[in-house]
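The structure appears below as structure tokens.
Residue numbers (the numbering used here): 12 to 466.
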């Protein structure tokens, strides 16, 4: 990651990034560009360097910001109509920490509206295209961020991961994508999807770049009481001996080329590490648990978007009830409405015990199953997704098929574990393949260090 210095001008770095963003405009990566403010910040950094003043560890580095991070630069839309004109009065903690070190946001990246999706096709502004194949999806929900890094527009981008929204698009576009231990980075100032599983993370080309970003952005925040004290920068080195493999994830529902990539990587690792087969039968319920727990939290979090306090308000309404109904009906995408309805159903009288409460009990069993697994191994290696990037429009009319794309990524979010998507070659058609390295809670730094063994 090149930072500005006496031979590398911050202004030139930002201009180059903006030029590349415009060059790839047809990929629909950005919802807005931050050209004027970005160049102004770059000029200030160049002035400081010229005058011998200190600058941060990310001085002049251009980055792309997923459009659910609040900041005054541009409208924070979460790629939705209901927030299309929302100008935030605050800056998210994650953005603040990056920019205190000199990073410069060049624009906001496209995403599934309110992060509801696995393809970035649920965006109010239209879908983002895959970096390797224009006719295929970028993955989701952080598709724009993944493509911005993959196409070398920026060296890193922010993302959020509630059920795979960093790892899956990273896998689809051939880059690294990191979801930290839950609570490692503050969620303050990030548009909420599901508060008990949302994580802030990053896309980059190398584990070392992600490590630097984690060192800067982690730590406790008084605005987010779920944040953990800074364990990341105080992590002791760990000797790795055993790699776990979940045997239930090796089946004929996983694309043959992904299974081959997995076996190839395990063959390489087996020369140095012991491979341990793990029996984790509860994981087959993880997707069902996720699509009960997460929509329940979504229905609660989205209740604030009512056409009254901020955001889109429908015209020609003749009563308060009309304002609520029409603003939400016109302002939300179909997938937003689907998840609100599922959430309201599982929380409703007569169904709370049967669905939501039971799902939370199974979630506890999943956490316990991972704890048991990590007594047998140091890290776990799995595919990120059962398939490479699929064609645009292929799954939009089949929500269950779309949800199944998350079957290998959602268990980590339910358990609060760190996970890293790692490039693992390409299909014969040139589509990116990715694998996922999983560690115990708070093993983030060692996991990133060990991931270099998989390069």
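Quick reminder that beta carbons are idealized off the backbone N, C-alpha and C, glycines included.
Are there 16 or more other CB atoms within 10 angstroms of the CB of residue 461, so buried, or fewer, so exposed? buried
Which runs of the alpha helix (DSSP H) spanning at least 4 residues fall entirely within the segment 395-420, listed in chain order? 410-415
Among 424, 402, 217 and 117, whose alpha-carbon lies nearest the alpha-carbon of residue 375? Nearest of 424, 402, 217 and 117 to residue 375, Cα basis: 424.
In chain order, what are the residue ranges of uninterrupted beta strand (DSSP E) at least 3 long that sit wholly in the segment 44-96? 73-77
Could you give the distance in angstroms between the alpha-carbon of residue 176 and the alpha-carbon of residue 121? 12 Å
Take the Cβ of residue 329 as the centre, count every other Cβ of all protein chains shown within 10 Å, and call the residue buried at 16 or more, exposed below. exposed
Under 8 Å: do the segment 178-187 and the segment 202-209 share three or more Cβ pairs, one atom per stretch? By the Cβ criterion, the segment 178-187 is not in contact with the segment 202-209, since fewer than three pairs of Cβ atoms, one from each stretch, lie closer than 8 Å.
What separation, rounded to the nearest whole angstrom, lies between the Cα atoms of residue 173 and residue 62? Rounded to the nearest angstrom, the two C-alpha atoms are 44 Å apart.
With DSSP as the reference, label residue 147 as helix, strand or coil. strand
If you reduce the DSSP assignment to three classes, tell me which class residue 285 lands in. strand
Which of helix, strand or coil does DSSP assign to residue 389? coil
Across which residues does DSSP place residue 351 in a beta bridge pair? According to DSSP, residue 351 bridges with nothing at all.
Whose C-beta lies closer than 6 Å to the C-beta of residue 294 among residues of the same chain, with five residues either side of it excluded? Non-local C-beta neighbours of residue 294 in its own chain, meaning closer than 6 Å and more than five positions away in sequence, comprise 422, ordered along the chain.
Proximity winner among 105, 118 and 64, relative to residue 86 (alpha-carbon distances): 118
Inter-stretch contact at 8 Å, needing at least 3 Cβ pairs: the segment 404-415 / the segment 313-325: no
Any 3 or more C-beta pairs closer than 8 Å across the segment 382-394 and the segment 442-455: yes
Neighbourhood of residue 222 by C-beta distance below 8 Å, restricted to the same chain and skipping five residues each side: When the five nearest sequence neighbours on each side are left out, the beta carbons in the same chain lying within less than 8 Å of the beta carbon of residue 222 are those of 456, 459 and 460, in order along the chain.
Residue closest to residue 50, alpha-carbon to alpha-carbon, out of 64, 74, 38 and 40: 74
Nearest neighbour of residue 432, chosen from 402, 189, 262 and 229 [CA to CA]: 189
Taking 6 Å as the cut-off, does the CB of residue 292 come closer than this to any heavy atom belonging to the ligand NAP? Annotation note on the ligand NAP: not contained in the displayed structure, which lists no ligands.
Residue 252 (DSSP reduced to helix, strand or coil): coil
Say whether the segment 126-138 touches the segment 327-346, bearing in mind that this needs 3 or more beta-carbon pairs closer than 8 Å, one atom from each stretch. yes
Quick check on this structure: which residue in 326, 15, 297 and 301 has the alpha carbon closest to the alpha carbon of residue 380? 297
How far does the beta strand (DSSP E) with residue 437 in it extend, from its first residue to its last? 430-437
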